[in-house]
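Q: Residue numbers (this note's numbering), protein chains in the order written: chain A, 612 to 850; chain B, 612 to 850. The beta carbon of each residue, even a glycine, is placed where N, CA and C say it ideally should be. Starting off with a structure, shown below.
There are 2 protein chains.
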Amino acid sequence: MPATSHAGGEIRTPRERARAQTIADIIGLGRRHLAERGAAALSLRAVARDLGVVSSAVYRYVGSRDELLTLLLVDAYNDLGDAVDAAVKAVPAEEFRGRFAALARAVRGWALREPARYGLLFGSPVPGYQAPAERTTAPGTRVVISLVQILDAAHRAARLAGRGPSAVPAPLAADLEAIRRELGVEVPDALLARGTLVWASLFGAVSFEVFGQYGAGTFSAPDELFEHHIAVLADLAGL
Amino acid sequence: MPATSHAGGEIRTPRERARAQTIADIIGLGRRHLAERGAAALSLRAVARDLGVVSSAVYRYVGSRDELLTLLLVDAYNDLGDAVDAAVKAVPAEEFRGRFAALARAVRGWALREPARYGLLFGSPVPGYQAPAERTTAPGTRVVISLVQILDAAHRAARLAGRGPSAVPAPLAADLEAIRRELGVEVPDALLARGTLVWASLFGAVSFEVFGQYGAGTFSAPDELFEHHIAVLADLAGL
DNA sequence: AACAATTGAGAGCAGTGCTCTTGACTTTGA
DNA sequence: TCAAAGTCAAGAGCACTGCTCTCAATTGTT
Numbered sequence: 612m613p614a615t616s617h618a619g620g621e622i623r624t625p626r627e628r629a630r631a632q633t634i635a636d637i638i639g640l641g642r643r644h645l646a647e648r649g650a651a652a653l654s655l656r657a658v659a660r661d662l663g664v665v666s667s668a669v670y671r672y673v674g675s676r677d678e679l680l681t682l683l684l685v686d687a688y689n690d691l692g693d694a695v696d697a698a699v700k701a702v703p704a705e706e707f708r709g710r711f712a713a714l715a716r717a718v719r720g721w722a723l724r725e726p727a728r729y730g731l732l733f734g735s736p737v738p739g740y741q742a743p744a745e746r747t748t749a750p751g752t753r754v755v756i757s758l759v760q761i762l763d764a765a766h767r768a769a770r771l772a773g774r775g776p777s778a779v780p781a782p783l784a785a786d787l788e789a790i791r792r793e794l795g796v797e798v799p800d801a802l803l804a805r806g807t808l809v810w811a812s813l814f815g816a817v818s819f820e821v822f823g824q825y826g827a828g829t830f831s832a833p834d835e836l837f838e839h840h841i842a843v844l845a846d847l848a849g850l
Numbered sequence: 612m613p614a615t616s617h618a619g620g621e622i623r624t625p626r627e628r629a630r631a632q633t634i635a636d637i638i639g640l641g642r643r644h645l646a647e648r649g650a651a652a653l654s655l656r657a658v659a660r661d662l663g664v665v666s667s668a669v670y671r672y673v674g675s676r677d678e679l680l681t682l683l684l685v686d687a688y689n690d691l692g693d694a695v696d697a698a699v700k701a702v703p704a705e706e707f708r709g710r711f712a713a714l715a716r717a718v719r720g721w722a723l724r725e726p727a728r729y730g731l732l733f734g735s736p737v738p739g740y741q742a743p744a745e746r747t748t749a750p751g752t753r754v755v756i757s758l759v760q761i762l763d764a765a766h767r768a769a770r771l772a773g774r775g776p777s778a779v780p781a782p783l784a785a786d787l788e789a790i791r792r793e794l795g796v797e798v799p800d801a802l803l804a805r806g807t808l809v810w811a812s813l814f815g816a817v818s819f820e821v822f823g824q825y826g827a828g829t830f831s832a833p834d835e836l837f838e839h840h841i842a843v844l845a846d847l848a849g850l
């Protein structure tokens with residue numbers, strides 16, 4: 612092969628330009644279909660129709676329905692990550708509690724705005740589809756990392772309160788130590804374990820609301836309920 | 612119509628017997644397919660094949676794929692409800708904290724045993740399918756009701772501790788009052804709101820584990836992590 | 001034994017993911 | 001300039017899906 616494309620993956624020849632554009636169009640249409648009809652109803656043929664092209668033609672660009680799903684998965688993770696990052700950065704770094712609240716509101720807001728894409732990320736896994744870890748873990752961990760960094764910053768500023776020692780069993784402590792090393796963070800065991808629960812709780816509350824688990828009409832004031840949850844979770848995290 | 616069947620819906624004629632048996636077989640096969648391949652992959656044709664019958668024949672019994680899904684939904688809700696009820700009843704009524712822990716462990720255990728069915732109940736909604744409320748709410752609320760009853764019993768025994776008053780905004784208070792009336796329960800606002808969060812958190816933690824959100828290999832000690840979560844959530848609920 | 005309700009089979013429609021072949025087009029290099 | 005190489009869209013086709021309809025056979029009831 613000639614030296615037409617080096618490392619980065621920039622667009623060089625007009626062919627590559629056109630190809631990249633077509634793939635971008637497919638992702639855009641896929642995103643729309645995903646948002647409108649949900650993940651399991653995503654159809655390559657329908658995307659091809661909207662693209663004004665026969666179904667077999669799109670296989671030149673995406674390879675399979677699963678690959679398109681991966682593309683959309685990464686797309687959605689980054690969309691959520693961007694929304695969360697922007698919301699967190701809008702609050703001064705020393706207001707740890709405020710930053711946590713902003714993160715939580717950003718997650719909920721995005722989820723309510725994009726229920727189908729949220730379902731793709733945090734709902735039941737699409738049967739027969741296994742997300743390729745090497746392409747999805749990085750964008751998929753942006754929110755947790757942001758959360759842990761808030762906790763870590765608060766801890767370093769001696770503003771993270773742990774109620775009591777509440778030691779953690781040895782095997783769990785080992786897992787937490789690995790996480791600490793992985794993320795370059797120094798939150799102690801008890802608080803990191805609590806942080807994990809806060810993380811899961813946040814998405815549990817959002818999922819219940821988005822997926823309609825609360826039951827139709829049970830909560831006429833979902834905003835107030837969520838704000839209450841934020842306050843309790845912030846306390847729980849020690850913020 | 613003759614007076615062959617009265618109110619309850621017992622089986623009388625051999626025809627009705629055979630019919631009920633066939634429907635039970637269909638549900639059984641559907642449950643297996645659901646557990647093995649997931650909700651979205653549930654196919655009436657495949658069920659028909661396993662039943663040794665042509666696809667159109669099963670339409671004599673279930674009407675549509677969505678109706679089969681509803682049947683399986685109710686089936687799964689009741690399975691989970693039975694598991695939770697049994698676990699809770701195995702702990703003395705005065706051990707409120709123990710009953711809560713038993714409930715939580717029962718939910719997690721069932722979910723890990725039946726990930727696909729759990730996904731049907733608490734994962735992303737199946738696109739294009741709307742569960743008929745009149746048939747699913749009763750079985751679908753068994754777990755929450757059990758949880759709230761534990762809290763209520765503890766409260767009536769003056770064993771439910773609310774940290775501080777922490778008043779609740781008016782619209783939310785109205786929702787909570789409605790719930791209290793609906794369930795014949797007298798847990799005060801702050802504790803009921805907290806209970807809602809505990810409920811969502813429990814399923815958030817279970818969903819994260821079942822749906823693989825924690826990431827492969829992040830937690831080598833999931834049991835310890837969940838036990839920790841139970842303890843924190845019990846504290847949070849005031850138990 | 002005769003009748004009527006119930007059932008299963010089969011064909012068929014419209015949709016799906018995906019593969020393969022064919023013919024046409026564009027880019028490239030000699 | 002011109003042919004080889006590379007790329008592309010189209011179409012046919014396979015196996016699958018949900019669902020409807022008709023027709024014949026079976027079955028339970030009278």
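Verify whether the separation of the beta carbon atoms of residue 811(B) and residue 839(A) is less than 8 angstroms.
A: If you number the second sequence from 1, residue 811(B) lands on position 200. If you number the first sequence from 1, residue 839(A) lands on position 228. No, the pair does not count as a contact, with Cβ atoms beyond the cut-off.
Q: For residue 800(A), collect the residues of the same chain with a Cβ closer than 7 angstroms to its Cβ; drop the 5 residues on either side in sequence, then sort them by chain order.
A: For the purposes of this step, residue 800(A) is taken as residue 189 along the first sequence, with counting starting at 1. Excluding residues within five positions, the ones whose Cβ falls inside 7 angstroms are 779, 784, 787.
Q: Take residue 693(A) as the anchor and find which of 721(A), 704(A), 765(A) has the nearest alpha-carbon.
A: Counted from its first residue, the first sequence places residue 693(A) at position 82. Nearest option by C-alpha distance: 721(A).
Q: Grab me the residues of residue 619(A)'s own chain with a C-beta within less than 7 angstroms of its C-beta, minus the 5 sequence neighbours each way, in chain order.
A: Taking the first residue of the first sequence as position 1, residue 619(A) is located at position 8. Residue confidence is low: residue 619(A) scores 41 on pLDDT, short of 50, so the model does not pin down where it sits. No coordinate-derived value is stated.
Q: Quick check: the Cα distance between residue 638(B) and residue 690(B), rounded to an integer number of angstroms?
A: Here residue 638(B) corresponds to residue number 27 of the second sequence, with the count starting at 1. Here residue 690(B) corresponds to residue number 79 of the second sequence, with the count starting at 1. When rounded, the distance between both Cα atoms is 13 angstroms.
Q: For chain B, is any of its Cβ atoms less than 8 angstroms away from the one on residue 641(A)?
A: Working through the first sequence from its first residue, we reach residue 641(A) at position 30. No - not a single Cβ of chain B is within 8 angstroms of the one on residue 641(A).
Q: Helix, strand or coil for residue 678(A)? Go by DSSP, reduced to three states.
A: Counted from its first residue, the first sequence places residue 678(A) at position 67. Helix at residue 678(A).
Q: With respect to the alpha helix (DSSP H) encompassing residue 748(A), which residues constitute its N-terminal and C-terminal limits?
A: On the first sequence, position 137 is the one that residue 748(A) refers to. Where residue 748(A) is concerned, the enclosing alpha helix (DSSP H) stretches over 744-751.
Q: Of all the CB atoms in chain A, is at least one closer than 8 angstroms to the CB of residue 699(B)?
A: Mapped onto the second sequence, residue 699(B) falls at position 88. It does not: the Cβ of residue 699(B) has no partner Cβ on chain A nearer than 8 angstroms.
Q: Buried or exposed: which applies to residue 741(A), given that a residue is buried once 16 or more other Cβ atoms fall within 10 Å of its Cβ?
A: Indexing the first sequence from 1 puts residue 741(A) at position 130. Classification for residue 741(A): exposed.
Q: Which complete alpha helix (DSSP H) runs does the stretch 626-668 of chain A hold, if anything under 4 residues is left out?
A: Segments of the alpha helix (DSSP H) lying fully in the stretch 626-668 of chain A: 655-662.
Q: Count the other CB atoms within 10 Å of the CB of residue 824(A); is the residue buried (16 or more) or exposed (fewer)?
A: The sequence position of residue 824(A) within the first sequence is 213, counting from 1. Answer is buried; the Cβ neighbour count reaches 16.
Q: Just checking, does the stretch 638-649 of chain B make contact with the stretch 790-800 of chain A on the three C-beta pairs under 8 angstroms criterion?
A: no
Q: Alpha carbon to alpha carbon, what distance is there between residue 631(A) and residue 617(A)?
A: On the first sequence, residue 617(A) is found 6 positions in, with the first residue counted as 1. On the first sequence, residue 631(A) is found 20 positions in, with the first residue counted as 1. Here the model assigns residue 617(A) a pLDDT of 34, short of 50, so the residue's position is not dependable and the matter cannot be decided.
Q: What does the alpha-carbon distance come out to for the pair residue 648(A) and residue 733(B)?
A: Counting from 1 along the first sequence, the entry for residue 648(A) is found at position 37. Counting from 1 along the second sequence, the entry for residue 733(B) is found at position 122. Looking at the two C-alpha atoms, the distance is approximately 19 angstroms.
Q: Does DSSP classify residue 813(A) as helix, strand or coil?
A: Mapped onto the first sequence, residue 813(A) falls at position 202. In the structure shown, the three-state DSSP call for residue 813(A) is helix.
Q: For residue 807(A), count the other beta carbons within 10 Å of its own beta carbon; 16 or more makes it buried, fewer makes it exposed. Which is it?
A: For the purposes of this step, residue 807(A) is taken as residue 196 along the first sequence, with counting starting at 1. Buried is the call here.
Q: Short of 6 angstroms in beta carbon distance, which residues of its chain neighbour residue 816(A), apart from the five on each side in sequence? Order them along the chain.
A: Numbered from 1 along the first sequence, position 205 holds the residue referred to as residue 816(A). Cβ neighbours of residue 816(A) beyond the five flanking positions: 840.
Q: Any Cβ of chain B within less than 8 angstroms of the Cβ of residue 743(A)?
A: The residue you call residue 743(A) lines up with position 132 of the first sequence. Not an interface residue.
Q: Which two residues bound the contiguous alpha helix (DSSP H) that contains residue 707(A)?
A: On the first sequence, position 96 is the one that residue 707(A) refers to. Start and end: 707-724.
Q: Count the other CB atoms within 10 Å of the CB of residue 665(A); is the residue buried (16 or more) or exposed (fewer)?
A: Here residue 665(A) is taken as the residue at index 54 of the first sequence, counted from 1. By the 10 Å Cβ count, residue 665(A) comes out exposed.
Q: Got a sec? Which residues, its chain only, sit under 8 angstroms from residue 686(A) by beta carbon, not counting five neighbours each side?
A: Position 75 of the first sequence, counted from the first residue, corresponds to residue 686(A). Excluding positions up to five away in sequence, the list reads 638, 642.
Q: How far does the alpha helix (DSSP H) with residue 783(A) in it extend, from its first residue to its last?
A: One-based indexing of the first sequence puts residue 783(A) at position 172. Segment 781-794, the alpha helix (DSSP H) holding residue 783(A).
Q: Note down, in chain order, every chain B residue with its Cβ under 7 angstroms from the Cβ of residue 759(A).
A: Indexing the first sequence from 1 puts residue 759(A) at position 148. Going along chain B, no residue has its Cβ under 7 angstroms from residue 759(A), so there is no contact; the nearest lies around 12 angstroms.
Q: For a contact defined as C-beta to C-beta under 7 angstroms, what are the partners of residue 648(B) on chain A?
A: Residue numbering aside, residue 648(B) sits at position 37 when the second sequence is read from its first letter. Per Cβ cutoff of 7 angstroms: 738.
Q: With H, G and I counted as helix, E and B as strand and the rest as coil, what does DSSP make of residue 741(A)?
A: The residue labelled residue 741(A) in the question sits at position 130 within the first sequence. Residue 741(A) falls in the coil class under three-state DSSP.
Q: Are there three or more Cβ pairs, one per stretch, closer than 8 angstroms when the stretch 659-679 of chain B is compared with the stretch 691-710 of chain B?
A: The stretch 659-679 of chain B makes no contact with the stretch 691-710 of chain B: fewer than 3 CB pairs, one atom from each, lie closer than 8 angstroms.
Q: If you follow the alpha helix (DSSP H) that residue 822(A) is in, where does it begin and where does it stop?
A: Counted from its first residue, the first sequence places residue 822(A) at position 211. Careful: residue 822(A) lies outside any alpha helix (DSSP H) and carries neither H nor E.
Q: Taking C-alpha atoms, which residue in 644(B), 715(B), 655(B) lies nearest to residue 834(B)?
A: Position 223 of the second sequence, counted from the first residue, corresponds to residue 834(B). The shortest Cα separation from residue 834(B) among 644(B), 715(B), 655(B) belongs to 715(B).
Q: So residue 717(A) packs on residue 695(A), CB below 8 angstroms; how close in whole Å?
A: Counting from one through the first sequence, the residue named residue 717(A) turns up at place 106. Counting from one through the first sequence, the residue named residue 695(A) turns up at place 84. The pair is a contact, with the Cβ atoms about 5 angstroms apart (cut-off 8 angstroms).
Q: Check the C-beta distance from residue 762(B) over to residue 798(B) and give it rounded, since I have them as a contact under 8 angstroms.
A: Counting from 1 along the second sequence, the entry for residue 762(B) is found at position 151. Counting from 1 along the second sequence, the entry for residue 798(B) is found at position 187. Right, their Cβ atoms sit about 5 angstroms apart.
Q: Output the distance between the C-alpha atoms of residue 757(A) and residue 679(B), rounded to the nearest integer angstrom.
A: The sequence position of residue 757(A) within the first sequence is 146, counting from 1. The sequence position of residue 679(B) within the second sequence is 68, counting from 1. The alpha-carbon atoms of residue 757(A) and residue 679(B) are separated by roughly 42 angstroms.
Q: Just verifying my parser: in three-state terms, what is the DSSP assignment at residue 833(B)?
A: Within the second sequence, numbered from 1, the residue matching residue 833(B) stands at position 222. Three-state result, residue 833(B): helix.
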